[in-house]
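Q: Here the sequence shown is numbered in full-length UniProt numbering, starting from 1 and rising by one per residue.
Idealized CB from N, CA, C, for every residue including glycine.
Everything numeric in this text was worked out from a predicted model, so none of it was measured.
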Amino acid sequence: MAVSEKQTLGFQAEVKQLLQLMIHSLYSNKEIFLRELISNASDAADKLRFEAIKHGELLENDPDLKIKITYDKAARTITISDNGIGMSREEAIEHLGTIAKSGTKEFFSRLSGDQQKDAALIGQFGVGFYSAFIVADRITVETRRAGLPANEGVRWESAGEGDFSVESIAKPARGTDIILHLREGEDELLSSWKLKSIIRKYSDHISLPILMQKEEWDEDKKENVIKDEFETINQASALWARNRSEVTAEQYNEFYKHVAHDFDPPLAYTHNRVEGRSEYTQLLYIPAHAPFDLWDRNKRGGLKLYVKRVFIMDDAEQLMPVYLRFVKGVIDSADLPLNVSREILQESRDIKAMREGSTKRVLGLLEELANSDEQEQRDKYATFWKEFGQVLKEGIGEDQTNKERIAKLLRFASTHNDNDVQNVSFAEYLGRVKEGQDKIYYVAAESYAAAKNSPHLEIFRKKGVEVLLLTDRVDEWMLSFLQDFDGKELVSVAKGDLDLGKLEDEAEKKQHEETEAQYKDLIEKMKTVLIDKAKDVRVTFRLTDSPSCLVADEHELSGNLLRMLKAAGQNAPESKPILEINPDHPLVQRLKYEEAKFSDWTHILFDQATLAEGGNLADPAGFVKRLNEMLLGMAGK
Numbered sequence: 001m002a003v004s005e006k007q008t009l010g011f012q013a014e015v016k017q018l019l020q021l022m023i024h025s026l027y028s029n030k031e032i033f034l035r036e037l038i039s040n041a042s043d044a045a046d047k048l049r050f051e052a053i054k055h056g057e058l059l060e061n062d063p064d065l066k067i068k069i070t071y072d073k074a075a076r077t078i079t080i081s082d083n084g085i086g087m088s089r090e091e092a093i094e095h096l097g098t099i100a101k102s103g104t105k106e107f108f109s110r111l112s113g114d115q116q117k118d119a120a121l122i123g124q125f126g127v128g129f130y131s132a133f134i135v136a137d138r139i140t141v142e143t144r145r146a147g148l149p150a151n152e153g154v155r156w157e158s159a160g161e162g163d164f165s166v167e168s169i170a171k172p173a174r175g176t177d178i179i180l181h182l183r184e185g186e187d188e189l190l191s192s193w194k195l196k197s198i199i200r201k202y203s204d205h206i207s208l209p210i211l212m213q214k215e216e217w218d219e220d221k222k223e224n225v226i227k228d229e230f231e232t233i234n235q236a237s238a239l240w241a242r243n244r245s246e247v248t249a250e251q252y253n254e255f256y257k258h259v260a261h262d263f264d265p266p267l268a269y270t271h272n273r274v275e276g277r278s279e280y281t282q283l284l285y286i287p288a289h290a291p292f293d294l295w296d297r298n299k300r301g302g303l304k305l306y307v308k309r310v311f312i313m314d315d316a317e318q319l320m321p322v323y324l325r326f327v328k329g330v331i332d333s334a335d336l337p338l339n340v341s342r343e344i345l346q347e348s349r350d351i352k353a354m355r356e357g358s359t360k361r362v363l364g365l366l367e368e369l370a371n372s373d374e375q376e377q378r379d380k381y382a383t384f385w386k387e388f389g390q391v392l393k394e395g396i397g398e399d400q401t402n403k404e405r406i407a408k409l410l411r412f413a414s415t416h417n418d419n420d421v422q423n424v425s426f427a428e429y430l431g432r433v434k435e436g437q438d439k440i441y442y443v444a445a446e447s448y449a450a451a452k453n454s455p456h457l458e459i460f461r462k463k464g465v466e467v468l469l470l471t472d473r474v475d476e477w478m479l480s481f482l483q484d485f486d487g488k489e490l491v492s493v494a495k496g497d498l499d500l501g502k503l504e505d506e507a508e509k510k511q512h513e514e515t516e517a518q519y520k521d522l523i524e525k526m527k528t529v530l531i532d533k534a535k536d537v538r539v540t541f542r543l544t545d546s547p548s549c550l551v552a553d554e555h556e557l558s559g560n561l562l563r564m565l566k567a568a569g570q571n572a573p574e575s576k577p578i579l580e581i582n583p584d585h586p587l588v589q590r591l592k593y594e595e596a597k598f599s600d601w602t603h604i605l606f607d608q609a610t611l612a613e614g615g616n617l618a619d620p621a622g623f624v625k626r627l628n629e630m631l632l633g634m635a636g637k
């Protein structure tokens, strides 16, 4: 088939699924279709402006970039036109018929059927074009890529029912026209007043002029008549270039929705003009919720780079460290050359200064929320931490310059509270330490329940000492870079020999020494039995209720971290745990006099300790058999 002929092609399966959501009124606010299409038109103009820096001929004697909105009451159509980069035939098929994004499967698995939540997800996924099917039962796109001849224009058309057609047309002007054929019941959109109100509400921040035809009252016809003249509807100036006093909170929020492809307002933002060795403007936003692809460290679409208000590139990863990849916004440099490349960015001192300054600005914004006297602001930080706390923790290992600032922003669950909410800072913990306590204690586990019920906490509960409960996968990796806070050493209650320092009086220490001497022979026998399983066996005084527990040697990886590494397919170093036994527990005391079943009982204590810390048994059937025999023996059978 020649490319000039009309082709009918099927949508990608994921597009069909999206269209069904759109057509069935997924969005509670239908007006946003116009915002999405205007944002796409603005992006197309940005891309042309960038390509034209090196290839000025792409402007085709039409350098004034703009967006036009027209409507036709008789035909019941709305047309959104731009003179941006446009699309070739192949690009139209690729961009309008498929979703070529990593994380597509994850995105669809997150759709829940809840209209509000799903709308937010779709916004993050960046497929706003399809939102036009909310109000249109047929869409026609006529486009030509800048630089191609007029006879290589393309018409794309679909009714949103599973397929679309593509054919070649003559299109003298570059750019894209999107013609929406409205559904029944959407006639209120065929009004100059309605369209202008939507544009001013959602797209006033767009830096390109958005034009509409003027209307004048015709006294003879007793109605408004459309004139051939066009007028600019929006302010048509870069929002970030305006003074903060000139921008309303609503305008900041709408600009965020434009740059972040989000349907919810941001959690917080900061807008600053920086002067000095490097001059630049930053408008940075913290979203209110995590994107579906937050854990993709290669997904870096947060910041747009401009030079003197000329768009240069999306996902300028050099402008923000990886652990702040959730930040959205714009940075506009007054110093960089317009033809800057990614290679130049990597070497640029100006970029380094902007990265450092923007990182500090974001951390400062988070500090303002976290330390505010206003409950509303602190609640915002709690929301931030719930959504992005695990990612911020990566900064402890990746940003030595700001490690102390990040540490002050960390939040944890704790034995001080009766819930799994991570709302305890190091500073709050230190404000509650016991007299004589010179360490910050923590326990790491796979879940809150496992951490809260860990046998390692028993002595701390008895003495009323608070312990931080660490349950995020990143926690133990993070703490390998953070050994202390405010002069207090961070100590795992599940590693090394327990040293309570001044929390333990001399009488207790003397009693412990005497008890250890009494159990010396038992310990040696248990070591022999467990020679293949345990690195050591010793008496412990960290337990008050449990008969035994496992601990890692002070300089080895914890059992929890080893299990996570193995589950992730990583090569985990082989190491044996240390078995600690509670001399006050009846089972341990009975073991001193057990001869026939000594080996079985010893293995049971080891396996119980393994299960208590969330580990897997090497021989679960053997454990069940030994336990049943012990129970039957104690029952006299």
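Flag this pair as yes or no: are the beta carbons of L37 and L65 separated by less than 8 Å?
A: No, these two residues do not count as a Cβ contact at 8 Å.
Q: Does the stretch 547-556 come within contact of the stretch 512-529, defined as at least 3 CB pairs closer than 8 Å?
A: No, because fewer than three Cβ pairs between the stretch 547-556 and the stretch 512-529 fall closer than 8 Å, the two stretches do not touch.
Q: Buried or exposed for S102, please, with buried defined as at least 16 other CB atoms from any protein chain shown within 10 angstroms of its CB.
A: Bear in mind that the predicted position of S102 carries a pLDDT of just 49, short of 50, making it too unreliable to give a figure here.
Q: Taking 8 Å as the limit between beta carbons, can you name the residues of its chain near Q346, skipping five residues before and five after?
A: So the list reads Q318, once near-sequence residues are dropped.
Q: Taking only runs of the alpha helix (DSSP H) that begin and end inside the stretch 414-477, which ones reach a length of at least 4 residues, in chain order?
A: If we require 4 residues or more, the alpha helix (DSSP H) runs fully inside the stretch 414-477 come out as 426-430, 448-452, 458-463.
Q: I need the boundaries of the beta strand (DSSP E) containing H271, first residue and last residue.
A: That run of the beta strand (DSSP E) goes 268-274.
Q: Considering only C-alpha positions, which residue in the set E524, L631, E506 is nearest to I581?
A: For I581, the nearest C-alpha among the options comes from E524.
Q: Can you list, in chain order, the residues of its chain with a C-beta nearer than 7 Å to that of K462? Leave out the 5 residues immediately preceding and following it.
A: T544, listed in sequence order.
Q: Is Y448 near A413, with beta carbons less than 8 Å apart?
A: A contact, by the Cβ cut-off of 8 Å.
Q: Output the boundary residues of the beta strand (DSSP E) element that contains Y285.
A: Looking at the DSSP string, the run of the beta strand (DSSP E) that includes Y285 is 280-286.
Q: For a test of your reading of the model: does the CB of K452 fall under 7 Å from any non-hydrogen atom of the ligand PLP? Yes or no.
A: Of the ligands one can find in the structure shown there are none, so the ligand PLP has no counterpart to examine.
Q: Do G128 and S197 have their CB atoms nearer than 8 Å?
A: No.
Q: Hey, would you say L430 sits closer than 8 Å to K488, going by beta carbons?
A: Yes, the pair counts as a contact, with Cβ atoms nearer than the cut-off.
Q: Buried or exposed for P321, please, with buried defined as at least 16 other CB atoms from any protein chain shown within 10 angstroms of its CB.
A: When all chains shown are included, P321 counts as buried.
Q: Expressed to the nearest angstrom, what Euclidean distance is found between the alpha-carbon atoms of D584 and L490?
A: Roughly 29 Å between the two C-alpha positions.
Q: In the DSSP assignment, what residue or residues form a beta bridge with V247?
A: Looking at the DSSP assignment, V247 forms no beta bridge with any residue, so it has no partner.
Q: Using a 10 Å radius around the Cβ and a threshold of 16 neighbouring Cβ atoms, would you call H55 buried or exposed?
A: Exposed.
Q: DSSP three-state call for P620: helix, strand or coil?
A: Reduced to three states, the DSSP call for P620 is helix.
Q: Quick one: grab the DSSP three-state call for F388.
A: Three-state DSSP puts F388 in a helix.
Q: Could you work out which residue in D220, S207, E229 is closest to Q251 when comparing CA atoms only?
A: The residue with the shortest Cα to Cα distance from Q251 is S207.
Q: Should L591 and L530 be called a contact, given that it needs their Cβ atoms to be closer than 8 Å?
A: No, Cβ-Cβ distance for L591 and L530 is not below 8 Å.
Q: Which residue marks the beginning of the beta strand (DSSP E) containing L530, and which one marks its end?
A: Note, L530: premise wrong, no beta strand (DSSP E); not H, not E.
Q: Across the stretch 451-465 and the stretch 394-403, are there enough close Cβ pairs to call them in contact, namely three or more that are closer than 8 Å?
A: The answer is no - the stretch 394-403 does not touch the stretch 451-465, with fewer than three Cβ pairs under 8 Å.
Q: So Y442 packs on V465, CB below 8 Å; how close in whole Å?
A: About 12 Å; that fails the 8 Å criterion.
Q: Measuring only the C-alpha atoms, how far is K73 from D82?
A: Taking the straight line from one Cα to the other gives about 21 Å.
Q: Would you tell me roughly how many angstroms separate the C-alpha atoms of T471 and G436, rounded to the nearest one?
A: Whole-angstrom Cα-Cα distance: 27 Å.
Q: Taking the continuous alpha helix (DSSP H) assigned at M313, which residues delimit it?
A: Note, M313: premise wrong, no alpha helix (DSSP H); beta strand (DSSP E) at 310-313.
Q: Decide if W601 is buried, meaning its Cβ has at least 16 other Cβ atoms within 10 Å, or exposed.
A: The residue is buried, with at least 16 neighbouring Cβ atoms inside 10 Å.
Q: According to DSSP, is K171 part of a helix, a strand, or is it coil?
A: K171: coil per DSSP, three-state reduction.
Q: Tell me whether M478 is buried or exposed, calling it buried when 16 or more other Cβ atoms sit within 10 Å of its Cβ.
A: It counts as buried.
Q: For the beta strand (DSSP E) containing L587, name the first residue and the last one.
A: Careful: L587 lies outside any beta strand (DSSP E), inside the alpha helix (DSSP H) at 586-591.
Q: Just to confirm my understanding: we take E186, look at its own chain, exclude 5 residues before and 5 after, and list those with CB closer than 6 Å. What are they?
A: The residues are V135.
Q: Taking the alpha-carbon positions, what's the L303 to P265 distance?
A: Taking the straight line from one Cα to the other gives about 17 Å.
Q: Just the Cα atoms here: how many angstroms apart are S165 and V141?
A: Taking the straight line joining both Cα atoms gives about 10 Å.
Q: Taking T528 as the reference, which of F541, S599, A621 has the closest Cα?
A: Among F541, S599, A621, the Cα nearest to that of T528 is on S599.
Q: Going by C-alpha to C-alpha distance, which of E215, A635, E14, F541 sits closest to Q511?
A: Here the closest residue by C-alpha is F541.
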